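**Student:** Whatever position you read off the sequence shown (first residue = 1), add 9 for our numbering.
Ideal Cβ positions, reconstructed from N, Cα and C, are used throughout, including at glycine.
None of these values were measured; they are calculated from a predicted model.
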Amino acid sequence: MRKRQKERGFFLLETIVLAGMLVVMTSGLLLYRQGLHLNEQARFEAAAVSLAESELAYVQYYAVAKQENFAVGSSTRSEHVPFSTNPAEGGADFTLSEEIERLEQETGLTDKNAASAYLATVRVSWQDWRLRERSVTLQRVICP
10 MRKRQKERGF
20 FLLETIVLAG
30 MLVVMTSGLL
40 LYRQGLHLNE
50 QARFEAAAVS
60 LAESELAYVQ
70 YYAVAKQENF
80 AVGSSTRSEH
90 VPFSTNPAEG
100 GADFTLSEEI
110 ERLEQETGLT
120 DKNAASAYLA
130 TVRVSWQDWR
140 LRERSVTLQR
150 VICP
């Protein structure tokens, strides 16, 4: 009988300690999962900004070279961007929307320099892991 009285409440203490350990482990896993999602979001944003900057560089090149690919208007296309040369790293599908317009239409300027200036806008959009639409928009004034 004496042994039972000494062990009384011991099972309750073990249960409380175990519950505390489970709470700590679960919160650690949730923090790890959130870190993975933030890492993925940063990867997508970096790829989108790089893609938008590259597209603006092409537009500026076409404007300076006065090639037929440079024209006032808008266009939209899809692009798949791999995150690395390793296929296991995966990639993402982005939608690029570009719009080129004369700057004088925007500002009403009649100066000779403003007449040859263009405003290029590139918007890169994608879906995140929650299937929400995300986007990055960059603009650049181009003077050929």
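Per DSSP, what kind of secondary structure is V150 in: helix, strand or coil?
**Tutor:** Strand at V150.
**Student:** Whole-angstrom Cβ separation of R42 and V81, contact assumed at under 8 Å?
**Tutor:** Not a contact, Cβ separation roughly 47 Å.
**Student:** Would you give the residue range spanned by the beta strand (DSSP E) that D102 belongs to?
**Tutor:** Residues G100 to R111.
**Student:** Between E108 and the ligand COA, is the CB less than 8 Å from at least one heavy atom?
**Tutor:** This structure lacks the ligand COA; in fact it carries no ligand of any kind.
**Student:** Buried or exposed: R86, going by 16 or more other Cβ atoms within 10 Å of its Cβ?
**Tutor:** Per the 10 Å Cβ criterion, exposed.
**Student:** Would you say L131 and V90 are within 9 Å of each other, going by their C-beta atoms?
**Tutor:** The question names Leu, but residue 131 is Val in the sequence shown. Not a contact, by the Cβ cut-off of 9 Å.
**Student:** Which same chain residues end up closer than 8 Å to S83 when comparing Cβ atoms and leaving out the 5 residues on each side of it in sequence?
**Tutor:** These residues qualify, in order along the chain: S106, E107, E108 and I109.
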